[in-house]
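Encoded as structure tokens, the structure appears first; notes follow it.
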Amino acid sequence: MRRTARTLFLTPLIALLALIGFAAAPAQAATWSSSDQWGTWSNGGYTLYNNIWGSGAGAQTIWANSFGDWGVWANHPNTGGIKSYPNAKKAVGKKISAISSLTSSYNVTVPSSGAYNTSYDIWDTNYDYEIMLWVNKTGPVGPLGTAQGNVSLGGHTWSVYKGSNGANEVFSFIRTSNSTAGSVDIKPIVNWIKNTKGWFGDVTIGDVQFGYEITSSAGGLDFRTNSVGVSAS
């Protein structure tokens, strides 16, 4: 009876340990990983950033084999408010008028539950303007600001929102259907904001970031970047 009870106890314990080991395996096997709030790693001209910046956040581990092969395990509670934006960042450092080409490609594997978006976050060097390009979203998440209608630019059709977070202007482009792989021509988007709408002038594009803006991922969810790259000239 005692042996049977012990066996019954060990079976779920072993299963639990195996599950934990499986969940942690990508981070442990990776070239780099970090559970630090602001953990960073530079590779191939990119900077990877764990970036747990919101209040009420839970645990999160970022791992990477390269700037284009990385992922995140996140366990943030089912509460409102953005908890983190783990991302890979490429610095551009050119005025819009001096950019002849600015493109990116992406391929991700994302969970079917939780609340998050997969997005580009593009900044000017003064951090006065923020351009967000959401390529997919899941759960109760939405952009800042007011709707400006739909537009087809850069190979996608977007719903556009314009707002402010009190520190900078935010222009959000929400893809009208979810995508987990594709390419984006960013130059026509910044040209449209500058030339067609006049929402900013000939600003210098600083950072092009790509990652996951996570609101909730209770129980632990995996976000994987299979490939990503930014090209500017």
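When you line the sequence shown up against my numbering, it's residues 451 to 683, in that order. Note that beta-carbon positions come from the ideal geometry of N, C-alpha and C, so glycine has one too. A quick note: this is a predicted structure, and the numbers were derived from the prediction, not measured.
For residue i, tell me which candidate among the options has the shortest Cα-Cα distance.
| i | options | result |
| --- | --- | --- |
| K647 | N537, D672, Y611, T490 | Y611 |
| W491 | G518, A507, A509, G504 | G518 |
| G530 | A668, D571, L603 | A668 |
| G495 | R625, K539, F673 | K539 |
| G543 | N676, S683, G656 | G656 |
| Q598 | G632, Y577, W649 | W649 |
| V640 | Y579, G592, S484, Q487 | Y579 |
| V678 | P593, L498, P590, T596 | L498 |
| G595 | V558, F623, S485, S602 | F623 |
Which of helix, strand or coil does DSSP assign to residue i?
| i | result |
| --- | --- |
| S492 | strand |
| N645 | helix |
| S547 | helix |
| I636 | helix |
| L671 | strand |
| A480 | coil |
| S629 | coil |
| S505 | coil |
For residue i, collect the residues of the same chain with a Cβ closer than 7 angstroms to its Cβ; drop the 5 residues on either side in sequence, then sort them by chain order.
| i | result |
| --- | --- |
| G489 | N500, I512 |
| E663 | I532, Y535, Y566, N567, S569 |
| T654 | G543, K544, K545, D574, T575 |
| S483 | A477, T511, I512, W513 |
Quick check on the burial criterion: 16 or more other C-beta atoms within 10 angstroms. Buried or exposed for residue i?
| i | result |
| --- | --- |
| S627 | exposed |
| G670 | buried |
| A507 | buried |
| D574 | buried |
| L659 | Residue 659 is actually Gln in this sequence, not Leu. Buried, since its Cβ has 16 or more Cβ neighbours within 10 Å. |
| N618 | exposed |
| P593 | buried |
| A514 | buried |
| Y556 | buried |
| N537 | buried |
Near residue i, which residues of its chain fall below 6 angstroms by C-beta distance, leaving aside the five closest residues on each side in sequence?
| i | result |
| --- | --- |
| A509 | N525 |
| S554 | V634, V680 |
| I581 | I572, F621 |
| S666 | H526, N528, G564, A565 |
| S550 | S683 |
| S485 | T511 |
Name, in chain order, the residues that DSSP records as bridge partners for residue i.
| i | result |
| --- | --- |
| A538 | L498, F660 |
| K612 | T596, F621 |
| D519 | S516 |
| H606 | L603 |
| I572 | I581, V658 |
| Q510 | A524 |
| A682 | L552 |
| V558 | T675 |
| K533 | K533 pairs with nothing; no bridge assigned. |
Looking only at its chain, what residues have a beta carbon closer than 8 angstroms to the beta carbon of residue i, apart from the 5 residues adjacent to it on each side?
| i | result |
| --- | --- |
| V560 | Y566, T568, N586, T588, T630, Y662, F673, R674 |
| N600 | T607, W608, S609, V610, T626 |
| D652 | K545, I546, S547, K644 |
| S516 | T481, N493, G494 |
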